[in-house]
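Okay, so the sequence shown: first residue is 330 according to this note's numbering, each after it adds one.
The beta-carbon is built from N, C-alpha and C at its ideal position, and this holds for glycine as well.
Keep in mind that this is a model prediction, so the values were computed, not measured.
Working notes for the structure below.
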Amino acid sequence: MLNETAAVQFLPSGLPLALRWRGGLWQVIGAPASWSSPSNQPGPASTPTPLHEARGNAGTRFWRFQAQTGPASPVLEFEMSADPRSTDWRLRRVTTVDGF
330 MLNETAAVQF LPSGLPLALR WRGGLWQVIG APASWSSPSN QPGPASTPTP
380 LHEARGNAGT RFWRFQAQTG PASPVLEFEM SADPRSTDWR LRRVTTVDGF
């Protein structure tokens, strides 16, 4: 489990495009997943709500996506969160992806 500030670039549609992390630019590949956790139910025990259903919700926002720095680089899965009281995205988890 991590808790690092990370710079995320988004498309005009709101989908994540890339992540700057530890000196590298990680390009999002595949379809990212998003959800929101109500602010009155913090932590992983809360019931996630897809972001498109959570507009106006003051809860924590999350993204999970796979990314790589180039065609020959390893593929990692990133999980990010953002508290509604902040504009910073936090890197919560990074895992390797089997098969890549």
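Taking residue i as the reference, give the member of the options with the closest Cα.
i: R414; options: R390, L405 and R421; result: R390
i: S363; options: L354, M409 and T424; result: M409
i: L340; options: G353, E333, N332 and P361; result: P361
i: T416; options: L331, V337, N332 and G399; result: V337
Identify every residue that forms a DSSP beta bridge with residue i.
i: P345; result: F339
i: M409; result: W392 and L420
The beta strand (DSSP E) that contains residue i, what's its start and end?
i: T389; result: T389 to Q397
i: G352; result: That residue, G352, is in no beta strand (DSSP E); it is neither H nor E in DSSP.
Could you name the residues of the same chain whose beta carbon sits closer than 6 Å to that of residue i, not counting the 5 residues immediately before and after it, in chain order?
i: T376; result: The pLDDT assigned to T376 is 42, lower than 50, so where the model puts this residue is not dependable, and the model offers no usable value.
i: G359; result: Q395
Can you name, in chain order, every residue of its own chain whose Cβ lies under 7 Å from the Cβ of residue i, other than the five neighbours on each side?
i: W350; result: A335 and L420
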